[in-house]
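K.L.:
One gets the numbering used here by counting positions in the sequence shown from 1 and adding 719 to each. One structure coming up, written as structure tokens, with questions to follow.
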Amino acid sequence: MSTITLGRTNLTVNRNGFGALPIQRISHRDAVALLQKAYDHGIDFYDTARGYSDSEEKIGAALHGVRDRVVIATKTLAVTVKEFRQDLETSLTQLQTDYIDLYQLHNPAFCPRPGDQSGLYDALLTARQQGKIRFIGITNHRLPVAEEAVASELYDTLQFPFSYLSSEVDMKLAASCRRNRLGFIAMKALSGGLITDSAAAYAFMAQFDHVLPIWGIQKEHELDEFLAHDRTPPALTAAMQAKIAQDRRELSGSFCRGCGYCMPCPMGIEIYSCARMGLLLRRAPYQVYLTDEWREKMAKVKECIHCNQCVSRCPYKLNPPEMIQKGYEDYRSFQPPSEQ
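Take a look at the structure:
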């Protein structure tokens, strides 16, 4: 199995990282079975967050017996030192461990530094001195914050959206991490489900021997795909390159990445799904979205009160109210290929 060392850390892991956000959507029993199968087949890096409901608890239940043989990364959304301490202790308890390999600040609006007013970076240093965390990381969706974090040399890792849909600026950020010996963890490696060819995604990522993709895994067949790619790495063929080029043309410009930072919506609208619905219908197995459950979700778009809370939260400066309305119109007018 191929491995990646995260920058200047001594963390060397299988190049299939397990993104554990999706396991909050499945039962405890199914999640534990999925995580244990991943471990049994060589996956040893697991990324979760305090904000992913019961994801940490499921990882703790599944992997506490092999704790010294896996690398666990989690995150805190804390904005105060008190919240930081509470989150860290809760994560340690839920993960059934007395240390966390990589503790990450979860999408802060600025780059925390030693001695600043937030006190967050100093709290990280204290936690490391206490042996509760080993390495310090930061995640972000804002390019300026990510660039500042890389240049600061304060962080051991950066987690940032990265896929074959990434811009040239994003590619330069990845290169900057390499130059600065900063571990680069690629979130949204399938662009929130818009990339449907896992082999092409894997082959693209394999070009960057310093980038660790974390694949969001919820179902056993998804895990099996990436395990197969690890055993027999797909080549970046001319056909794949043509597919990647086509996807870039179709998805260039402003599109919802599905990060979810627009949420929650006071009217209960699942903004990130509704905003991307037209793309999902054309790119994913469309039958998934033609159920009564999805019809009800999409119908909630009509209840939008245009409070614009989602606009202020979007790290990509998009206009979610306009996008969910367009998504609703696409949904209403969609005709399955067999009926066109």
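Beta carbons are placed, not taken as given, at the ideal position from N, Cα and C, and that holds for glycine.
Looking at C-alpha atoms only, which residue of D889, Q937, M959 is the closest neighbour of Y921?
P.N.:
Ranking D889, Q937, M959 by Cα distance to Y921 puts M959 first.
K.L.:
List the DSSP bridge partners of T876.
P.N.:
BP columns for T876 point to G856, G902.
K.L.:
Using a threshold of 7 Å, is the CB atom of F974 nearer than that to any non-hydrogen atom of the ligand GTP?
P.N.:
Here there are no bound small molecules, and the ligand GTP is not part of this structure.
K.L.:
Quick one, which of I819, L942, R897 has its alpha-carbon nearest G736's?
P.N.:
Among I819, L942, R897, the Cα nearest to that of G736 is on L942.
K.L.:
If L913 and L814 are in contact, beta carbons under 8 Å, what's the gap, nearest whole angstrom?
P.N.:
About 31 Å separates the two Cβ atoms, so there is no contact after all.
K.L.:
Could you spell out the range, first to last residue, of the beta strand (DSSP E) harbouring L740?
P.N.:
No beta strand (DSSP E) holds L740; DSSP gives it neither H nor E.
K.L.:
If you reduce the DSSP assignment to three classes, tell me which class V800 lands in.
P.N.:
In this structure, V800 counts as helix in the three-state DSSP scheme.
K.L.:
Per DSSP, what are the beta-bridge partners of P932 in this structure?
P.N.:
Per DSSP, A905.
K.L.:
So what does DSSP say about L807, is it helix, strand or coil?
P.N.:
Helix.
K.L.:
If we count Cβ pairs, one from each stretch, closer than 8 Å, do we get three or more for the region 980–1000 versus the region 925–933?
P.N.:
With the cut-off at 8 Å, the region 980–1000 and the region 925–933 do not touch.
K.L.:
At the level of alpha carbons, what is the spacing between H940 and P833?
P.N.:
Each residue's Cα considered, the two are about 44 Å apart.
K.L.:
I need the DSSP call for Y771, collapsed to helix, strand or coil.
P.N.:
If DSSP states are grouped into helix, strand and coil, Y771 belongs with coil.
K.L.:
At the level of alpha carbons, what is the spacing between S746 and A781?
P.N.:
Going by the C-alpha atoms only, they are around 13 Å apart.
K.L.:
What are the partner residues of Y823, as DSSP defines its beta bridges?
P.N.:
With the sequence shown as reference, residue 823 is identified as Gln, and Tyr is not the correct amino acid for it. In the DSSP output, where bridge partners are listed per residue, Q823 has K794, G856.
K.L.:
Three-state secondary structure (DSSP) at G997?
P.N.:
In the structure shown, G997 sits in a helix (DSSP, three-state: H, G or I).
K.L.:
Apart from the five residues just before and just after P831, which ones in its own chain have a Cβ nearer than 7 Å to its Cβ?
P.N.:
Correct list, in chain order: L824, S837, L839, Y840.
K.L.:
Touch check for the region 884–896 and the region 792–810: three-plus C-beta pairs under 8 Å?
P.N.:
Touching, no.
K.L.:
Which one of S871, P1040, Y758, D916 has the shortest CA to CA distance from A961?
P.N.:
Selected option, being the one with the closest Cα: D916.
K.L.:
At which residues does the alpha helix (DSSP H) containing V732 begin and terminate?
P.N.:
Note, V732: premise wrong, no alpha helix (DSSP H); beta strand (DSSP E) at 731–733.
K.L.:
Looking at the structure shown, is D916 part of a helix, part of a strand, or coil, going by DSSP?
P.N.:
Here D916 sits in coil by DSSP.
K.L.:
Below 6 Å CB to CB, which residues in the same chain sit around F764 once its five sequence neighbours on both sides are set aside?
P.N.:
Contacts found: V732, G736, V790.
K.L.:
Quick check: the Cα distance between Y1084 and M1017, rounded to an integer number of angstroms?
P.N.:
Nothing in the structure corresponds to residue 1084, since the chain is present only between 720 and 1059.
K.L.:
Looking only at its chain, what residues have a beta carbon closer than 7 Å to the beta carbon of L873, apart from the 5 residues adjacent to it on each side?
P.N.:
Answer for L873: R832, Y840, listed in chain order.
K.L.:
How many angstroms separate the CA atom of H948 from the CA atom of S721?
P.N.:
The straight-line gap from Cα to Cα measures roughly 11 Å.
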